[in-house]
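Student: The structure is given below, and queries will be raised subsequently.
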Amino acid sequence: MNIGENVIELDVVESTNKTAAELLSLSKAMHGTVILANMQTQGRGQRGRVWHTGVGLDLALSVIVLPPALRVEEQFGLSKMVALAVRDSVQAFVRQDVRIKWPNDILVERRKLAGILIECELVADRVRSAIIGIGLNVNSCDFEAQLVASSLHLESGLNVDRKAVLDILLEALRTRYSQWIGDPNGVDVDYTAALWSKDRWADMVLDGVVENLRPIDVDRWGRLLVEHLGGRVAAYGLDRLRFAPR
Ligand code: BTN
Numbered sequence: 190m191n192i193g194e195n196v197i198e199l200d201v202v203e204s205t206n207k208t209a210a211e212l213l214s215l216s217k218a219m220h221g222t223v224i225l226a227n228m229q230t231q232g233r234g235q236r237g238r239v240w241h242t243g244v245g246l247d248l249a250l251s252v253i254v255l256p257p258a259l260r261v262e263e264q265f266g267l268s269k270m271v272a273l274a275v276r277d278s279v280q281a282f283v284r285q286d287v288r289i290k291w292p293n294d295i296l297v298e299r300r301k302l303a304g305i306l307i308e309c310e311l312v313a314d315r316v317r318s319a320i321i322g323i324g325l326n327v328n329s330c331d332f333e334a335q336l337v338a339s340s341l342h343l344e345s346g347l348n349v350d351r352k353a354v355l356d357i358l359l360e361a362l363r364t365r366y367s368q369w370i371g372d373p374n375g376v377d378v379d380y381t382a383a384l385w386s387k388d389r390w391a392d393m394v395l396d397g398v399v400e401n402l403r404p405i406d407v408d409r410w411g412r413l414l415v416e417h418l419g420g421r422v423a424a425y426g427l428d429r430l431r432f433a434p435r
């Protein structure tokens with residue numbers, strides 16, 4: 190089954206990722222199944238944060254994928270292809286350059302328009318299933334200042350049709366998924382080219398200390414490769430490195 194061939198639309202759920210996990214545990218989910226909710230009461234963000242979706246305004250969905258023979262150490266490839274698909278769909282509505290802030294936030298300048306939360310089920314050295322949670326701000330306007338968030342509406346000045354965004358997003362996911370299966374190196378190249386702050390010096394927090402570093406690429410495990418002042422290049426995971434908040 191193709192991504193988006195089966196869309197389960199629900200009015201209110203705790204979290205679409207949680208509903209997707211329940212379906213998977215009951216063996217009731219096929220590859221490509223989409224869970225779409227109008228409202229989430231406990232939307233999950235990265236690092237245990239809460240994710241808010243404007244009711245009737247934004248998109249909150251989870252896509253179940255069953256990747257063929259994906260090794261655990263290759264799973265960042267999945268994250269890259271999803272980030273590219275979400276970025277492609279945001280770019281379809283926004284004139285300014287849309288970029289991917291490592292590992293997978295979707296930004297215009299410093300403003301976040303979409304977030305991705307991927308939860309994988311690992312069996313031995315393989316990824317058996319992945320739940321791809323996507324929150325995309327479509328028509329919301331009111332964001333807490335410290336979130337530095339935005340929406341398609343705020344960026345384009347238009348009232349954007351959520352159904353049109355969903356259709357474009359699902360098409361982009363199908364396209365990028367096929368690319369990833371057939372040409373994973375192409376996904377690597379496109380992800381690197383879309384990296385936010387690539388080749389630009391930025392304040393980052395490394396082991397709790399703010400340092401000026403220059404992101405260059407990611408390595409095969411998804412760690413960010415950065416240049417230190419003085420030229421040394423090293424790779425760090427999210428356990429040690431993140432962009433400094435502004
Ligand atoms: C982030 O913090 O940037 C990730 C946000 C992911 C939010 C989406 S909304 C749909 C899906 N269900 C959830 O509970 N979370 C993800």
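Note that our numbering numbers the sequence shown so that position 221 is 410, with each residue one more than the last. Yeah, the Cβ is synthetic: ideal placement off N, Cα and C, and Gly gets one too. Computed from a prediction, not measured in an experiment: that's the story for all the values here.
Hey, how far is the Cα of L273 from the Cα of G419?
Tutor: Distance between the alpha carbons of L273 and G419: 32 Å.
Student: With DSSP run on the structure shown, which of helix, strand or coil describes D377?
Tutor: D377: helix per DSSP, three-state reduction.
Student: Out of curiosity, what's the CA-to-CA distance linking L306 and V316?
Tutor: So the two alpha carbons sit approximately 16 Å from each other.
Student: Can you tell me the Cα-Cα spacing of I405 and Y425, whole angstroms?
Tutor: Cα-Cα distance, rounded: 12 Å.
Student: Going by Cα to Cα distance, which pick from Q229, I253 and V201 is closest to V223?
Tutor: Of Q229, I253 and V201, the residue nearest in Cα terms is I253.
Student: Between which two residues does the alpha helix (DSSP H) containing F265 stretch?
Tutor: Unbroken alpha helix (DSSP H) run through F265: F265 to Q280.
Student: For the beta strand (DSSP E) that H241 lies in, which residues bound it at each end?
Tutor: Counting along the chain, H241 falls outside any beta strand (DSSP E), and DSSP gives it neither H nor E.
Student: Let me check one thing: in DSSP terms, what residues is V415 bridge-paired to?
Tutor: Answer is P404 and A423.
Student: Considering only residues of the same chain and omitting the five flanking positions on each side of N328, which have a CB-CB separation below 8 Å?
Tutor: Only G243, L246, D247, S340, L341, H342, N348, V349 and R351 meet the Cβ criterion.
Student: Report whether the distance from the Cβ of I289 to the nearest heavy atom of the ligand BTN is below 8 Å.
Tutor: Not under cutoff, so the answer is no.
Student: How many Å lie between F332 and E344 at the Cα?
Tutor: Those two C-alpha atoms are separated by around 14 Å.
Student: Candidates D314, I323 and Q235: which alpha carbon is nearest M270's?
Tutor: Minimum Cα distance to M270 is reached at I323.
Student: Answer yes or no: the CB of R300 versus the heavy atoms of the ligand BTN, is any distance below 8 Å?
Tutor: Not under cutoff, so the answer is no.
Student: Along the chain, where does the beta strand (DSSP E) containing V354 start, and where does it finish?
Tutor: Run containing V354: none in the beta strand (DSSP E); it sits in the alpha helix (DSSP H), R351 to G371.
Student: Keeping to the same chain, check which residues put their C-beta closer than 6 Å to that of W390; ignore five residues upstream and five downstream.
Tutor: Excluding positions up to five away in sequence, the list reads N401 and R403.
Student: Whose C-beta lies closer than 7 Å to the C-beta of N191 among residues of the same chain, with five residues either side of it excluded?
Tutor: Once the five neighbours on either side are set aside, the close Cβ partners of N191 are G221 and R363.
Student: Looking at the ligand BTN, does it come within less than 8 Å of N348, judged from the CB to the closest heavy atom?
Tutor: Result no, Cβ not under 8 Å from the ligand BTN.
Student: Within 10 angstroms of its Cβ, does Q285 collect 16 or more other Cβ (buried), or is it exposed?
Tutor: It counts as exposed.
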